[in-house]
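Q: This structure is in structure tokens; I'll ask about it shortly.
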Amino acid sequence: MMACRERAVEILRGPDGERIWLALLDYAHKLARRRGWRIDKTLPQGFSPGEIANDVIIKVIEGERIWDEAKEPSILIALKGMVRSDIGHLFDDYEASLIEPIERTSPDGSVRTGDSFHGTHPNPEQEFLQGERVRLEMTALDLIREVVEGRSELESVFLALYESDTSKEIARLTGLPIETVYSLSRELTRIAAKITPARVAREARERRKHG
Amino acid sequence: MGNADDAARETARFLDNLTEFIAGEEQQLDEIKESLRAQGVDPEESLRQFRQTLSEHAPTWREKAARARADMAISFESQKARAHRTRTEIEREIRETMETMRALGAPVEAGAYHRNFEEARDEDLESLLDDLQFQRALLLKQRDKKDSNG
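These protein sequence lines are chains A and B, in that order. With my numbering applied, the first sequence covers 1 to 211. With my numbering applied, the second sequence covers 1 to 150.
In structure tokens, the structure reads:
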């Protein structure tokens, strides 16, 4: 049986290789923007989506990361999973770094411990940051909603996205032909591309200012 | 509190679904390129980098052979440069030796002084240098002898 890495190289060098690479890169950009809507950053620690995608490709073709074709026949889906994992770790680490340690000594000498926060409830910093992230995500969603409003087909896809993330399922939910759903997906790509994390953060600040 | 949590979860799920939907596997090459351009990414440059990554980390036998040829060419060039540097070095040493000999008051052979180094072969230059260094050594020995005799 051909080794996983050799099979991966064969596919990436094959007729569909360049499409797979660009689809992976496209995904890395979209995912970084989506996670960025939570924290007003496209990617923390100075990484770029392209670097993350390229790093995943290198690790797979050098055998450092394994794509098991028997478990996941689509190499693109497997690679996307790896990119999702790496981008997820970057954002999770960044978000965790913003949270102040629970245990600390106050200026008056009293020691704050986990018990101070009554069981499993998040501490005040965590609550505040979580609130901020939700506010930013809701702002991103509102910005998308504002663009699709009044455009019936786009609106129905928008609503279906609360239920599903696949074109086939969305076509079934909305009753739209699959080709129309593909076309609306491209329209939503253009809409989402204009909603950068910085724009979301700016809009959220404006909304807060104006109550 | 419960409603707010539900709304937050719903929002996050919507954004996750949207991201997966617009990055669907069904995309054709042209659509992906258009999507990348919309996000400010140059797909052609990205493809060039991808080909380079494959070539560096998973080279074909042709690429390996081409790289070996290129390495050999570089090595040849560097050998040529080294040989050239050695010749230049020899010429510099000849001049320095002649300077020392003149400073010691020795009449340096006119033929050697005016010799056109560029026309001489490497072997000729090397043997000229050997001769001059031998003569200089003799001169230095004579001077030392004179000095010790007062």
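By construction, the Cβ of each residue, glycine as well, lies at the ideal position given by its N, Cα and C atoms. Keep in mind the model is a prediction, meaning the values are calculated, not measured.
Tell me whether residue 60 (chain B) sits in a helix, a strand or coil according to DSSP, three-state version.
A: coil
Q: Alpha carbon to alpha carbon, how far is residue 122 (chain B) from residue 75 (chain B)? Give it in angstroms, no decimals.
A: 21 Å
Q: My parser needs the alpha helix (DSSP H) runs of 4 or more residues fully inside the stretch 31-68 of chain A; what are they?
A: 49-61
Q: Quickly, what does DSSP pair residue 111 (chain A) with across the bridge? List them, please.
A: Paired residue(s): A:105.
Q: Using 8 Å for Cβ pairs, my map puts residue 164 (chain A) next to residue 3 (chain B). What's the rounded Cβ distance?
A: No, residue 164 (chain A) and residue 3 (chain B) are not in contact; Cβ-Cβ is about 23 Å, not under 8 Å.
Q: Could you tell me whether the Cβ of residue 29 (chain A) comes closer than 8 Å to any Cβ of chain B?
A: yes
Q: Looking only at C-alpha atoms, which of A:59, A:35 and A:53 sits nearest to residue 6 (chain A)?
A: For residue 6 (chain A), the nearest C-alpha among the options comes from A:59.
Q: Which whole-angstrom value describes the C-beta separation of residue 129 (chain B) and residue 87 (chain B), a residue pair presumed to lie in contact below a C-beta threshold of 8 Å?
A: No, residue 129 (chain B) and residue 87 (chain B) are not in contact; Cβ-Cβ is about 11 Å, not under 8 Å.
Q: Please compile the residues from chain B whose C-beta is within a distance smaller than 8 Å of the C-beta of residue 123 (chain A).
A: Going along chain B, no residue has its Cβ under 8 Å from residue 123 (chain A), so there is no contact; the nearest lies around 16 Å.
Q: Along chain B, in chain order, which residues have C-beta atoms closer than 7 Å to that of residue 39 (chain A)?
A: Neighbours of residue 39 (chain A) on chain B: none; closest Cβ ~13 Å, over 7 Å.
Q: Of all Cβ atoms in chain A, is any one closer than 8 Å to the Cβ of residue 134 (chain B)?
A: no
Q: Using only alpha-carbon positions, find the residue among B:68, B:139 and B:26 that is nearest to residue 102 (chain B).
A: B:139
Q: Determine, using beta carbons only, whether residue 167 (chain A) comes closer than 8 Å to chain B.
A: yes
Q: In terms of residue numbering, what span does the alpha helix (DSSP H) encompassing residue 89 (chain A) cover?
A: Where residue 89 (chain A) is concerned, the enclosing alpha helix (DSSP H) starts and stops at 75-98.
Q: State the Cα-Cα distance for the pair residue 96 (chain A) and residue 109 (chain A), rounded to the nearest angstrom.
A: 26 Å
Q: How about residue 160 (chain A) and residue 174 (chain A): are their beta carbons less than 8 Å apart?
A: For the 8 Å CB-CB criterion, residue 160 (chain A) and residue 174 (chain A) form a contact.
Q: Where residue 181 (chain A) and residue 31 (chain B) are concerned, what is the direct C-alpha to C-alpha distance, given to the nearest angstrom?
A: Cα to Cα, the separation comes out at about 14 Å.
Q: Which residue's Cα is closest to the Cα of residue 46 (chain A): A:61, A:67 and A:94?
A: A:94
Q: Let me see if you follow: with CB-CB separation under 8 Å, is residue 55 (chain B) close to chain A or not?
A: No, its Cβ sits nowhere closer than 8 Å to a Cβ of chain A.
Q: Please go through the same chain and pick out, in chain order, the residues whose beta-carbon is closer than 8 Å to the beta-carbon of residue 141 (chain B), but skip the five residues on each side of it.
A: Cβ within range, chain order: n/a, list empty.
Q: Candidates A:132, A:154 and A:155: which alpha carbon is nearest residue 40 (chain A)'s?
A: A:132
Q: Looking at residue 46 (chain B) and residue 50 (chain A), is the spacing between their C-beta atoms short of 8 Å?
A: In this structure, residue 50 (chain A) lies near residue 46 (chain B), with their beta-carbon atoms less than 8 Å apart.
Q: With three or more C-beta pairs closer than 8 Å as the rule, is the stretch 3-22 of chain A touching the stretch 62-76 of chain A?
A: Contact holds: three or more Cβ-Cβ distances are below 8 Å.
Q: How about residue 83 (chain A) and residue 52 (chain A): do their beta carbons lie closer than 8 Å?
A: yes
Q: Taking the CB atoms as reference points, tell me whether residue 11 (chain B) and residue 31 (chain A) lie closer together than 8 Å.
A: no
Q: Could you say if the stretch 47-67 of chain B and the stretch 193-202 of chain A meet the contact criterion of at least three C-beta pairs nearer than 8 Å?
A: no
Q: Tell me which residues share the same chain as residue 120 (chain B) and place their Cβ nearer than 8 Å to its Cβ, disregarding the 5 neighbours each side in the sequence.
A: Non-local beta-carbon contacts of residue 120 (chain B) in its own chain, meaning distances under 8 Å to residues more than five positions away in sequence, involve 128 in chain order.
Q: Here's the rule: buried if 16 or more other CB atoms are within 10 angstroms of the residue's CB, otherwise exposed. What is residue 79 (chain A)?
A: Flag for residue 79 (chain A) reads buried.
Q: Are there 16 or more other CB atoms within 10 angstroms of the CB of residue 1 (chain A), so buried, or fewer, so exposed?
A: Model confidence at residue 1 (chain A) stands at a pLDDT of 46, short of 50, so the residue's coordinates are unreliable and nothing is read from them.
Q: Can you give the Cα-Cα distance for residue 23 (chain B) and residue 60 (chain B), rounded to whole angstroms?
A: A direct Cα-to-Cα measurement between residue 23 (chain B) and residue 60 (chain B) gives close to 31 Å.
Q: Pick out whichever of B:21, B:38, B:5 and B:134 has its Cα sitting closest to the Cα of residue 100 (chain B).
A: B:134
Q: For chain B, is any of its Cβ atoms less than 8 Å away from the one on residue 1 (chain A)?
A: In this predicted model, residue 1 (chain A) has a pLDDT of only 46, less than 50, meaning its place in the structure is not dependable; the value taken from the coordinates is given anyway. Taking 8 Å as the CB threshold, residue 1 (chain A) stays off the interface with chain B.
Q: According to the Cβ coordinates, are residue 25 (chain B) and residue 77 (chain A) closer than 8 Å?
A: yes
Q: Quick one: list the residues of chain B neighbouring residue 76 (chain A), beta-carbon separation under 9 Å, in chain order.
A: Those within 9 Å of residue 76 (chain A) in chain B are 25.
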